[in-house]
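**Q**
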Amino acid sequence: MRIWMIMSLLLISNGAFTTEHVVDIYKKKFIPAEITIVQGDTVIWKNIEKRQYHNVWFKQLEKEEPDYFFPDESYQRSFDKAGDFPYECGPHPRMKGRVIVIKK
Ligand SMILES: [Cu+2]
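Okay, structure coming up:
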């Protein structure tokens, strides 16, 4: 028991523990549209539409538009650098979101 506690503490201090954050996509909206996370965390976008496909495109980070993903599919990305990262949906540019990554 004690050894597990010590190992857990080591993992925490190494920063091996990261958090996952979920953003739902529904009715052509990112919910929540703005999310604040900590360096190293992962964001998972879940498409919970009935039919509509989307993607999550960080234009400042990637030249090429990512693949679409469909209802019941998801997309994920980790953020290693602190900063302000706006994104949009390629086929629906009015769908906009933002990930704010704060320093660990
Ligand atoms: Cu879309």
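With this note's numbering applied, the sequence shown corresponds to residues 9 to 112, in that order.
All residues carry an ideal CB built from backbone N, CA and C; glycine is no exception.
Please state the DSSP three-state secondary structure of Gly91.
**A** Correct three-state label for Gly91: strand.
**Q** Phe38 and Trp53 - do their beta-carbons sit closer together than 9 Å?
**A** Yes.
**Q** Here's the rule I'm using: 16 or more other beta-carbon atoms within 10 Å means buried, otherwise exposed. How should Gly105 be labelled?
**A** Per the 10 Å Cβ criterion, buried.
**Q** Excluding the 5 residues preceding and the 5 following Thr44 in the sequence, name in chain order all residues of the same chain whose CB lies nearer than 6 Å to its CB.
**A** For Thr44, where only same-chain residues beyond five positions count, the Cβ hits under 6 Å are Ile108.
**Q** Using the beta-carbon count (16 or more within 10 Å), is Asp80 buried or exposed?
**A** Flag for Asp80 reads exposed.
**Q** Residues in the same chain with beta-carbon distance under 6 Å from Arg102, minus the five sequence neighbours each way, listed in chain order, please.
**A** Excluding sequence neighbours, Arg102 sits near nothing in its chain.
**Q** Taking a contact to mean a Cβ-Cβ separation below 9 Å, would you say Val76 touches Pro40 in this structure?
**A** Position check: residue 76 holds Tyr in this sequence, whereas Val was assumed. It is not a contact, given that the beta carbons lie outside the stated cut-off.
**Q** Report all residues for which the CB-ligand distance to some heavy atom of ligand 1 is below 5 Å; order them along the chain.
**A** Those satisfying the condition are, in chain order, His62, Cys97, His100, Met103.
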